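Visitor: Here numbering that gives the first Met the number 0 is used: position 210 in the sequence shown is 209, and no number is missing along the way.
Note that CB positions come from ideal geometry on N, CA and C, so glycine has one too.
For clarity, every value in this text was computed on a predicted model and none was experimentally measured.
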Amino acid sequence: MENKEIKDNKTSENGDKKKVVLSGIRATGNLHLGNYYGALSKFVRMQDDYDCRYFVADLHALTTHPDPKMLHENVKDILAEYLAAGLDPDKNTIYVQSDVPEISEMYLLMNMHVGIGELMRTASFKDKARKALGIHSEGDEIEKEIIGNQTNQRVNAGLLTYPTLMAVDILIHHADLVPVGKDQEQHLELTRRFARRFNSFYKTPYFSEPFNFNFGGEAVKVPGLDGSGKMGKSEGNCIYLIDDEKTLRKKVMRAVTDEGPKEPDSPVSEPIKNLFTLMELVSEPSTLEHFKNAYADCSIRYGDLKKQLAEDILKTTLPIRERILDIRNNDEYISKVVRQGAEKARETAAKTLADVREIMGIRKFY
Ligand code: TRP
0 MENKEIKDNK TSENGDKKKV VLSGIRATGN LHLGNYYGAL SKFVRMQDDY DCRYFVADLH
60 ALTTHPDPKM LHENVKDILA EYLAAGLDPD KNTIYVQSDV PEISEMYLLM NMHVGIGELM
120 RTASFKDKAR KALGIHSEGD EIEKEIIGNQ TNQRVNAGLL TYPTLMAVDI LIHHADLVPV
180 GKDQEQHLEL TRRFARRFNS FYKTPYFSEP FNFNFGGEAV KVPGLDGSGK MGKSEGNCIY
240 LIDDEKTLRK KVMRAVTDEG PKEPDSPVSE PIKNLFTLME LVSEPSTLEH FKNAYADCSI
300 RYGDLKKQLA EDILKTTLPI RERILDIRNN DEYISKVVRQ GAEKARETAA KTLADVREIM
360 GIRKFY
């Protein structure tokens, strides 16, 4: 064949249609190292080989009632962080969820096929509902509490239908792959279930099932600085991409450690394991090796370990921080990026919504 196909970001070198990748991050605050290694750096790695669509989930953020003055700033932060981490707006579709109204309409339609029981059994819902009602136990009395509650504490319906909205985010793009952390696996499972249910109810193989994507490896779990568990905003143990040098060094120097190994080849305690895990992400393998050996022969000084760790984290985060600040100052650039992204996203979204309306029997008279 003589005539060469025009290359776009939807077609790979050999002319095949690229797989569609979709992911989003809720607009609830700045991104930390956990977000960076768990999500953002994967997004960047996928941008050449896949047709990627990355968005800022501002509607999902509403489920936890952010201050209206903060919400827009939070959206802007994540956009700047996406771009600063290396997402190229010409290779990817980068957009804000609320800029694509088709998502909201399809969310309403999809809810007609979603059971409140299955939503109430979702782990993330139970957690958040417990929080909203101030319940500390893990028991199953929560359903009774929700229905019987006569106080003005309530669990909002948006929280319940969070998985419907997420399923629509994914299905409206007919996404094949969804790079997300382990904590989102249950939402993805529901997405597949809703897709199958829609297909079987309307006897049409309209949606295909999306899957998580981890580059064939285990999902990385980035530990926090407080000695246990993973890095998370609500745990208050985060290193943010936007942290300045002084703040970052201070945080790392204050990280929880232990009393140090008393005899050679002692087992490594969790706080120190966590520092090694962080080091594995940011440092040269030989650096990590050096400190592991020093631990094994009891010559380790945690002060040195932390100093080196802070140094190596800064090597990753400082250049990103500089770019975040630049981009945040460039409203014109941000608005150009999201406008272009919204246009591209709406093309697909409008087509899917039109199909779904048609399949469900909604037709116009005029
Ligand atoms: N629920 C996701 C989170 O909290 C964010 C999200 C919303 C998302 N819609 C999505 C992720 C669609 C992937 C695909 O991290």
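To the nearest angstrom, how far is the alpha carbon of Arg356 from that of Arg362?
Guide: Translated into positions along the sequence shown, residue 356 becomes position 357. Translated into positions along the sequence shown, residue 362 becomes position 363. If I take the Cα positions, the gap works out to 7 Å.
Visitor: Which first and last residues belong to the beta strand (DSSP E) in which Ser22 is found?
Guide: By one-based count along the sequence shown, residue 22 stands at place 23. 19–25 is the extent of the beta strand (DSSP E) around Ser22.
Visitor: Taking one C-beta from the segment 100–118 and one from the segment 69–87 each time, how about it: are there three or more such pairs within less than 8 Å?
Guide: Short answer: they don't touch.
Visitor: Report, in whole angstroms, the separation of the C-beta atoms of Tyr201 and Ile358, which I expect to be a contact under 8 Å.
Guide: For the purposes of this step, residue 201 is identified with residue 202 of the sequence shown, where counting begins at 1. For the purposes of this step, residue 358 is identified with residue 359 of the sequence shown, where counting begins at 1. Right, their Cβ atoms sit about 5 Å apart.
Visitor: State yes or no: is the C-beta of Leu164 within less than 8 Å of the C-beta of Leu58?
Guide: As a position in the sequence shown, residue 164 is number 165, starting the count at 1. As a position in the sequence shown, residue 58 is number 59, starting the count at 1. It is a contact, given that the beta carbons lie within the stated cut-off.
Visitor: Could you check if Asp175 belongs to the surroundings of the ligand TRP, using beta carbon to heavy atom distance under 7 Å?
Guide: Taking the sequence shown and counting its residues from 1, one reaches residue 175 at position 176. No, the Cβ of Asp175 stays beyond 7 Å of every heavy atom of the ligand TRP.
Visitor: Going by DSSP, what residue range makes up the alpha helix (DSSP H) through Val55?
Guide: Position 56 of the sequence shown, counting from 1, holds the residue named residue 55. In the DSSP assignment, Val55 falls outside any alpha helix (DSSP H) and within the unbroken beta strand (DSSP E) covering 50–56.
Visitor: Hey, could you find the ends of the alpha helix (DSSP H) Val95 is sitting in?
Guide: Counted from its first residue, the sequence shown places residue 95 at position 96. Following the DSSP letters along the chain, one finds Val95 in no alpha helix (DSSP H) but inside the beta strand (DSSP E) bounded by residues 92–95.
Visitor: Tell me which residues share the same chain as Ile141 and place their Cβ nearer than 7 Å to its Cβ, disregarding the 5 neighbours each side in the sequence.
Guide: If you number the sequence shown from 1, residue 141 lands on position 142. Contacts found: Lys125, Ala128, Arg129, Ile134.
Visitor: Is Ser40 near the ligand TRP, judged by its Cβ being under 7 Å from some heavy atom?
Guide: Counted from its first residue, the sequence shown places residue 40 at position 41. False, no ligand heavy atom lies under 7 Å from that Cβ.
Visitor: Note down the Cα distance separating Met0 from Lys90, rounded to an integer number of angstroms.
Guide: The sequence position of residue 0 within the sequence shown is 1, counting from 1. The sequence position of residue 90 within the sequence shown is 91, counting from 1. Confidence is the limiting factor: at Met0 the pLDDT is only 43, short of 50, which leaves the residue's position unreliable, though a coordinate-based value still follows. Approximately 27 Å, taken between the alpha carbons.
Visitor: I need the boundaries of the alpha helix (DSSP H) containing Ser199, first residue and last residue.
Guide: Mapped onto the sequence shown, residue 199 falls at position 200. Residues 184–200.
Visitor: Under DSSP, the alpha helix (DSSP H) around His289 begins and ends at which residues?
Guide: Against the sequence shown, residue 289 aligns to sequence position 290. DSSP places His289 inside the alpha helix (DSSP H), whose first and last residues are 284–295.
Visitor: Pop quiz: Ile102 and Ala26 are said to be a contact at Cβ under 8 Å. What is the actual Cβ separation, rounded to whole angstroms?
Guide: As a first step, residue 102 is located in the sequence shown; it is residue number 103 there, counting from the start. As a first step, residue 26 is located in the sequence shown; it is residue number 27 there, counting from the start. Incorrect: roughly 15 Å between the Cβ atoms, too far for contact.
Visitor: Between Gly360, Asp242, Ala341, Lys16, which lies nearest to Asp98 when the distance is taken from Cα to Cα?
Guide: By one-based count along the sequence shown, residue 98 stands at place 99. Measuring from the Cα of Asp98, the nearest candidate turns out to be Ala341.
Visitor: Hey, is Asp168 close to the ligand TRP, as in C-beta under 7 Å from one of its heavy atoms?
Guide: Counted from its first residue, the sequence shown places residue 168 at position 169. Correct: Asp168 has its Cβ closer than 7 Å to the ligand TRP.
Visitor: Is it the case that the CB of Arg25 approaches a heavy atom of the ligand TRP more closely than 7 Å?
Guide: Here the question's residue 25 lines up with position 26 in the sequence shown. Indeed, a heavy atom of the ligand TRP lies less than 7 Å from the Cβ.
Visitor: Helix, strand or coil for Pro100? Go by DSSP, reduced to three states.
Guide: Counting from one through the sequence shown, the residue named residue 100 turns up at place 101. If DSSP states are grouped into helix, strand and coil, Pro100 belongs with the helices.
Visitor: On the three-pair Cβ rule with 8 Å, is the segment 241–254 touching the segment 47–61?
Guide: no
Visitor: Since Arg52 and Leu21 should fall inside the 8 Å C-beta cutoff, what is the C-beta to C-beta distance between them, to a whole number of angstroms?
Guide: Residue mapping note: residue 52 aligns to position 53 of the sequence shown, counting from 1. Residue mapping note: residue 21 aligns to position 22 of the sequence shown, counting from 1. Indeed, because the Cβ distance is near 5 Å, the residues count as touching under 8 Å.
Visitor: For the structure I just gave you, are there three or more beta carbon pairs, one from the segment 214–233 and one from the segment 262–282, closer than 8 Å?
Guide: yes
Visitor: Pick out whichever of His172, Ile238, Gly259, Gln152 has its Cα sitting closest to the Cα of Lys343.
Guide: In the sequence shown, counting from the first residue as 1, residue 343 sits at position 344. With distances taken between Cα atoms, Lys343 lies closest to His172.
Visitor: Flag Ser22 as yes when its Cβ comes closer than 7 Å to any non-hydrogen atom of the ligand TRP, and as no otherwise.
Guide: As a first step, residue 22 must be located in the sequence shown, where it is residue number 23. Ser22: yes, Cβ under 7 Å from the ligand TRP.
Visitor: Since Leu280 and Tyr36 are thought to touch, with beta carbons under 8 Å apart, how far apart are those beta carbons, to the nearest angstrom?
Guide: Position 281 of the sequence shown holds residue 280. Position 37 of the sequence shown holds residue 36. Indeed, because the Cβ distance is near 6 Å, the residues count as touching under 8 Å.
Visitor: Since Leu352 contacts Glu104 with CB under 8 Å, what's their CB separation in whole angstroms?
Guide: Here residue 352 refers to the residue found at position 353 of the sequence shown. Here residue 104 refers to the residue found at position 105 of the sequence shown. Between Glu104 and Leu352 the Cβ distance is about 6 Å, and since that is below 8 Å, they are a contact.
Visitor: Rounded to whole angstroms, what's the CA-CA distance from Ser40 to Pro318? Just pull it up for me.
Guide: Here the question's residue 40 lines up with position 41 in the sequence shown. Here the question's residue 318 lines up with position 319 in the sequence shown. Going by the C-alpha atoms only, they are around 14 Å apart.
Visitor: Does Gln96 pass the burial test, meaning 16 or more other C-beta atoms within 10 Å, or should it be called exposed?
Guide: If you number the sequence shown from 1, residue 96 lands on position 97. Gln96 is buried by the Cβ-count criterion.
Visitor: At which residues does the alpha helix (DSSP H) containing Ala131 begin and terminate?
Guide: By one-based count along the sequence shown, residue 131 stands at place 132. Run containing Ala131: 122–132, per the alpha helix (DSSP H) assignment.
Visitor: Which whole-angstrom value is the C-beta distance of Leu176 and Phe212, which I expect to be below 8 Å?
Guide: Translated into positions along the sequence shown, residue 176 becomes position 177. Translated into positions along the sequence shown, residue 212 becomes position 213. Yes, they are in contact, since the Cβ atoms of Leu176 and Phe212 sit about 4 Å apart, within 8 Å.
Visitor: Determine the DSSP secondary structure at Leu176, reduced to helix, strand or coil.
Guide: As a first step, residue 176 is located in the sequence shown; it is residue number 177 there, counting from the start. It is a strand residue.
Visitor: At a cut of 8 Å, does the segment 251–267 reach the segment 293–300 through at least three beta carbon pairs?
Guide: yes
Visitor: Please name the residue, chosen from Asn13, Met45, Pro100, that lies closest to Val179 on a Cα-to-Cα basis.
Guide: Here residue 179 is taken as the residue at index 180 of the sequence shown, counted from 1. Closest by alpha carbon: Met45.
Visitor: Measuring only the C-alpha atoms, how far is Thr256 from Tyr301?
Guide: Counting from one through the sequence shown, the residue named residue 256 turns up at place 257. Counting from one through the sequence shown, the residue named residue 301 turns up at place 302. If you take the alpha carbons of Thr256 and Tyr301, they lie about 8 Å apart.
Visitor: Hey, how far is the Cα of Leu240 from the Cα of Ala194?
Guide: Locating residue 240 in the sequence shown gives position 241, counting from the first residue. Locating residue 194 in the sequence shown gives position 195, counting from the first residue. Roughly 36 Å separates the two Cα atoms.
Visitor: Within the present structure, is the beta-carbon of His31 separated from the nearest heavy atom of the ligand TRP by less than 7 Å?
Guide: As a position in the sequence shown, residue 31 is number 32, starting the count at 1. False, no ligand heavy atom lies under 7 Å from that Cβ.
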